[in-house]
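Numbering (full-length UniProt numbering), first residue to last: 1 to 1146.
Notes follow the structure.
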């Protein structure tokens, strides 16, 4: 321990503890390795560290003395001066020397579980590092600063999302190395890609700071101060210490509160002492007043002290007893070793059967003074030892200056005071404050009332556990020497009406645990324990059912079983129903040796009260246990004015930074807010389990093999926000119930509170393709409450988002969803909601609120992250038809060939360019020829196919209608044999939708028809008339329709029969000459004005005298007769040997 100040009279010393570096190596080899050269190197490192510390702390402090604690299994010859090894006085090691670490290797490291300005847990040094001739003084000073003053590293860590090796500044986009120095830090190739780079390569040759960044650089000998500190670098120092420099934090420590600014010291070499743990001396100071008697509370105290002295305390212990009343103290039993059962019995037998009659507060200062005198006298006569005063009383007055005086004296004599407030806090103040001032343990056991005369047996059970916890804390020896609790269960009446009830349970004896072991059942009534039978079954199905009453006087029933078989043990207890008192099952087992790793846990709390931080460390050997369930049960007994309070919650190991500093280090923590329960005495009972067989830990390899095979690693880049996990192994089911922790909460402590709930692990993942950024973090612990809402803001500079968060821009497009503390939370920033933020460098931070009210106090601002999402590129412009290069660049010379010039400008070789140019010319020629022939074809008139004869027949079918027009007769159904008539037909005035077509085939006839809008039927007056079809024509979308598209089916069939019928005279078959065939559509040129088909426009209609119930002959001489039975169509009958055709055949 470092001196408080150079001008202080007393100089606390630094404690060092050795661990056996080679677990499987013979003892004589260990001695040969460690002595004497090892201790010589250790002394050199200590002296150099003290000198460096003096200069680094601006000549204000150094190490006055250093104590090295030797393991108990090492002989005195391990020390350079064997005559100088003395018994320790209960010093707690600051530095621990042991084998190489699986993660840190051989580099020196400090375990830090508390926040800024609070001391660490220990400093660990590999024994191989001390054997190396490299100077470790500056590294030792850096780790000491973390341990003593609560400062943190000023560096980045490889592949760490919260504390990266490099970061980008504001708008420059330049990478900066994470660190702190009084000169610029270099950015070496590979450092930003998380490649292993030595820190001394990044430091400027003339730099003096900082040791917390690079302690191995030759010229570095300073911490960063307010001037040289980089407030914006993503370091642990900035994250945990509110961006204060290392020196600013160190100067607030009480070591420098009353020290001189600077003092000159010539010799900074500390005094080195060698000690070993030998024994512990206890003096019990018990208040002897009526307030100690609450129903069975005094008898429970006597039984608990008897059990503690007779069965629990180890042999290297001395115990004395002091009783104190309202005026004085009385020594009941002097300090004596517990070497025999008789000596143990004397301790318990000297406690009075009943307390005194006075109701006045006892003179606790008198009892403490008596105990100090007993311990000091024993030290002078028998040598030093670990001295502990155990004070048991129901409290003290608020103002107790006489007690304060004795506390200062005990601190000077290195005497610690452990307090037990029992049977309740019946004074103005509990005893906790006395323990805190002497670095002792504080407990509170409140008597639980059953009725007017009896107390619940749980009071006795808690009191025995508290005394055994004191034994474990102050035992001078290996922890493996003491049994540890591996199972506990409370049995209560379930209210059934049956006489007996069988209770079955089980526990797991883990590997490495065994004898001495004990299976006990605590009962209230020793005459009638209300238990019918007990059966214990081993994993190999061996049954133990014999009971033992050897400890029944202590209200304990036991089974004399050999509990050393690893695996699951089961038990069955037959209880009589109706018992008003519970039974308690407890199993104790002892580790095989100190070499075998077993699961252990310890708990502690923060110095601050509102809110209170609860810590629990769970480790298997020296390695963390991950995935365990750490459950805290909080109780506050009720009083006359307040009701009792009880709640449960779980501790978490998330590494969010507030309060848990690192994920995966085996330290679980949470805030507790006493505002809900109000003032009172709170008890925290912590249970650690394997969480349903999901807990795991690192594999424990052979340390000797590991140390021999791995190379020496003195510089490690561990650990940032998370402890790396090497190979792991699952753990057997386990249960650890820790000693209860008590805290007294007053109204004054509730009036002041700290602002907590910082998001310390904000991370970002850029999604430029989606124009988004995904933020992720661990949901904060808002002082024991869940976060109610978030506030997310952004700015364009780091300084603005960190120093002016209130005035920064708020993200208004959605807010994150609040989750329970420790939950992984994410939120996506969609920059398409605000496109103006694209292509901008944004620095984003977040903070939480513990309620939804508008005036809620916000939590601290989180760490910042940098976001830069580029805007999407504009659409590409249309391809240009002109060459991008000027013409004169390609064709700059008339005397130079074009192709070589193009090849040179476009960087093409001539053998590739010639085929390309030839192909382009060939394609151009083919396209030109194709276009030429297309134009030529359009200009050439359309050729008609030559006729078979000189003149083609064109048959025009008309129907006799009226006899008016007889001029220019035209023979019906006779061919038009001259071209003039054909041209005359084409030139006549026809409806525009009809275009005459000259059909090449002789069998086809030309006919045109049109459906008029209104069809007028004119009766046939005579059979020599003529009926025609006429109208304005048929047009569809401006196109003339053919007869096949405009005629009816009857008209088409009639026309067909007329053209192909082989018969001539058909009129004889129909005697009725007044029957006429249906009108046949003629050419529109022959329309008659009185015809049912429209207007007659042709003057050359054949005379009606040629139509007498028949048609004119066709070319073959046959006549076409009309058959009225066919209803408009004719029967096609073949002549001679020709076949006949009917309508369906057509």
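Yeah, the Cβ is synthetic: ideal placement off N, Cα and C, and Gly gets one too.
No experiment lies behind these values; they were computed from the predicted model shown.
Mind checking whether residue i and residue j have CB atoms under 8 Å apart?
{"i": "residue 818", "j": "residue 789", "result": "yes"}
{"i": "residue 362", "j": "residue 481", "result": "no"}
{"i": "residue 824", "j": "residue 776", "result": "yes"}
{"i": "residue 392", "j": "residue 368", "result": "no"}
{"i": "residue 226", "j": "residue 285", "result": "no"}
{"i": "residue 294", "j": "residue 447", "result": "yes"}
{"i": "residue 734", "j": "residue 599", "result": "yes"}
{"i": "residue 829", "j": "residue 815", "result": "no"}
{"i": "residue 239", "j": "residue 167", "result": "no"}
{"i": "residue 385", "j": "residue 290", "result": "no"}
{"i": "residue 212", "j": "residue 154", "result": "yes"}
{"i": "residue 758", "j": "residue 657", "result": "yes"}
{"i": "residue 94", "j": "residue 147", "result": "yes"}
{"i": "residue 722", "j": "residue 666", "result": "no"}
{"i": "residue 796", "j": "residue 832", "result": "no"}
{"i": "residue 839", "j": "residue 871", "result": "yes"}
{"i": "residue 461", "j": "residue 522", "result": "yes"}
{"i": "residue 627", "j": "residue 696", "result": "yes"}
{"i": "residue 671", "j": "residue 787", "result": "no"}
{"i": "residue 316", "j": "residue 280", "result": "yes"}
{"i": "residue 224", "j": "residue 180", "result": "yes"}
{"i": "residue 1157", "j": "residue 54", "result": "Nothing in the structure corresponds to residue 1157, since the chain is present only between 1 and 1146."}
Using the rule of at least 16 other Cβ atoms within 10 Å of the residue's Cβ for burial, across every protein chain shown, is residue i buried or exposed?
{"i": "residue 1147", "result": "Since the first and last residues shown for the chain are 1 and 1146, residue 1147 lies out of range."}
{"i": "residue 782", "result": "buried"}
{"i": "residue 810", "result": "exposed"}
{"i": "residue 241", "result": "buried"}
{"i": "residue 935", "result": "exposed"}
Among residues of its own chain, excluding the 5 on either side of residue i, which ones have a beta-carbon nearer than 6 Å to its beta-carbon?
{"i": "residue 729", "result": "699"}
{"i": "residue 458", "result": "448"}
{"i": "residue 41", "result": "130"}
{"i": "residue 587", "result": "486, 487, 507, 519"}
{"i": "residue 478", "result": "594"}
{"i": "residue 328", "result": "366"}
{"i": "residue 258", "result": "none"}
{"i": "residue 87", "result": "278, 383, 384, 385"}
{"i": "residue 813", "result": "833"}
{"i": "residue 679", "result": "745, 746, 747"}
Spatial neighbours of residue i within its chain, please: C-beta separation below 7 Å, excluding the five flanking residues on both sides.
{"i": "residue 543", "result": "535, 537"}
{"i": "residue 720", "result": "157, 160, 162, 163"}
{"i": "residue 274", "result": "68, 70, 79, 84, 85"}
{"i": "residue 135", "result": "48"}
Any beta carbon from chain C within less than 8 Å of residue i's own beta carbon?
{"i": "residue 278", "result": "Of the chains in the structure shown, none is chain C; there is only one protein chain."}
Between residue i and the rest of its own chain, which residues show a CB-CB distance below 8 Å, the 5 nearest in sequence each way excluded?
{"i": "residue 360", "result": "289, 326"}
{"i": "residue 200", "result": "214, 216, 217, 218"}
{"i": "residue 186", "result": "177, 201, 202, 203, 204"}
{"i": "residue 483", "result": "516, 517, 518, 588, 589, 590"}
{"i": "residue 334", "result": "320, 374"}
I'd like to confirm something about residue i: is its beta-carbon nearer than 7 Å to some heavy atom of the ligand GDP, or not?
{"i": "residue 938", "result": "In terms of ligand content, the structure shown is empty, and the ligand GDP therefore cannot be addressed."}
>> So within the segment 280 to 338, which uninterrupted beta strand (DSSP E) runs reach at least 3 residues, ignoring any that extend past its ends?
In response: 280 to 287, 317 to 324, 329 to 337
> So, do the segment 135 to 150 and the segment 213 to 226 have three or more beta carbon pairs nearer to each other than 8 Å?
Replying inline: yes
>> Report the start-end ranges of each beta strand (DSSP E) in the segment 750 to 774 that is 3 residues or longer and not cut off at the edges.
In response: 763 to 767
> For the segment 707 to 722 against the segment 462 to 474, are there 3 or more C-beta pairs whose distance is under 8 Å?
Replying inline: no
> Per the contact definition of three or more C-beta pairs closer than 8 Å, is the segment 607 to 626 in contact with the segment 558 to 578?
Replying inline: no
> Which residue spans inside the segment 174 to 215 form an unbroken beta strand (DSSP E) run of at least 3?
Replying inline: 175 to 177
>> Taking contact to mean 3 or more Cβ pairs, one atom from each stretch, closer than 8 Å, check whether the segment 736 to 750 and the segment 500 to 508 are in contact.
In response: no
> Any contact of the segment 400 to 420 with the segment 435 to 442, i.e. 3+ C-beta pairs under 8 Å?
Replying inline: yes
>> Between the segment 302 to 310 and the segment 333 to 351, can you find at least three pairs of beta-carbon atoms closer than 8 Å?
In response: yes
> Going along the chain, which unbroken runs of the alpha helix (DSSP H) with 4 or more residues stay wholly within the segment 561 to 631?
Replying inline: none
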